[in-house]
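Numbering (full-length UniProt numbering), first residue to last: 1 to 296.
Set out below in structure tokens:
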């Protein structure tokens, strides 16, 4: 078992069911649920607000800012700011020259709502890019928790990215924090290999299942002589009941079953159980700022 485990719980504060609805019930109800859970266990994390979610829910942004957790940014809307890993109908990625002004505005919206200038970032869907990290560097961010390990499968611990290729090591001040995946399993999902990913296993497979995957990665990282950093990504809307479909007059959106399965009470129970299991292993729960500050 790994000796030193750092845990970053990254909470992506966005519209319900990601880009598939315009609603904010998850922000209104799910953020308080998570903050109360964190307080019960004496832990903290980083809450990545989209600019719009912060502007529409300033009271939640201010509550996070007033506590021990960190306020971060999750772009302006739940949108594709980086390189898309698979196409989505009706979603066009930002052009590279659009990235900086978009993130500049997102940063300002989060600052205005929360009273805190965010220094931690995460791209929606973990779809990052070189243009994104360069924009973040210009804007004074210290961390980006975007790198999807399941897809790139090359970086297994925090690193300073290159200005020419964000997936490679370089000399930026910014610290890239990979979202861990199970690198010990044999994938049956070529070429994406999303079956390695962690999300949303805590509510579809259970806390014990995700804990095993987490510890498998911990052993993998330790075997490579790397620090063990378990960076999780979750969403407030997962902690309230979600519908199987959403009608918008001219169309009905039906998310894949795994997107909404187990949302609500199951998610609350299983994620709290995961926290307990991690604490039993002596894990230290940190903000993105703290993890970035530890990288020399």
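Using N, Cα and C, we set each Cβ at its ideal position, and we do this for glycine too.
Each residue's CA atom was taken as its position, placing residue 17 and residue 170 some 35 angstroms apart. Straight through space, the alpha carbons of residue 224 and residue 253 are spaced by roughly 43 angstroms.
For the pair of segments examined, the region 167-183 was found to touch the region 121-134: the number of CB pairs separated by less than 8 angstroms reaches three. For residue 46, the uninterrupted beta strand (DSSP E) run begins and ends at 46-49, by DSSP.
Here residue 288 is not near residue 75, since their CB atoms are 9 angstroms or more apart. Distance from the CA of residue 161 to the CA of residue 145, rounded to the nearest whole angstrom, comes to 12 angstroms. Per DSSP, reduced to three states, the secondary structure at residue 169 is strand. For residue 284, the enclosing beta strand (DSSP E) covers residues 284-286. Fewer than three beta-carbon pairs drawn from the region 87-100 and the region 51-71 are found closer than 8 angstroms, and the two stretches are therefore not classed as touching. Put simply, the backbone Cα of residue 185 is about 21 angstroms away from that of residue 274.
The Cβ neighbour count for residue 245, taken over all protein chains shown within 10 Å, is under 16; the residue is labelled exposed. C-alpha of residue 247 to C-alpha of residue 23: approximately 13 angstroms in a straight line. The alpha-carbon of residue 268 is positioned some 29 angstroms away from that of residue 189.
With a beta-carbon spacing of about 5 angstroms, residue 177 and residue 231 fall inside the 8 angstroms limit used to define contacts. Note on geometry: alpha-carbon atoms of residue 285 and residue 197 lie some 20 angstroms from one another.
In chain order, 150 and 151 place their CB closer than 8 angstroms to the CB of residue 194, counting only its own chain and leaving out the 5 sequence neighbours on each side.
Beyond the five residues adjoining it in sequence on each side, residue 33 comes within less than 6 angstroms, by CB distance, of 239 in the same chain, given in chain order.
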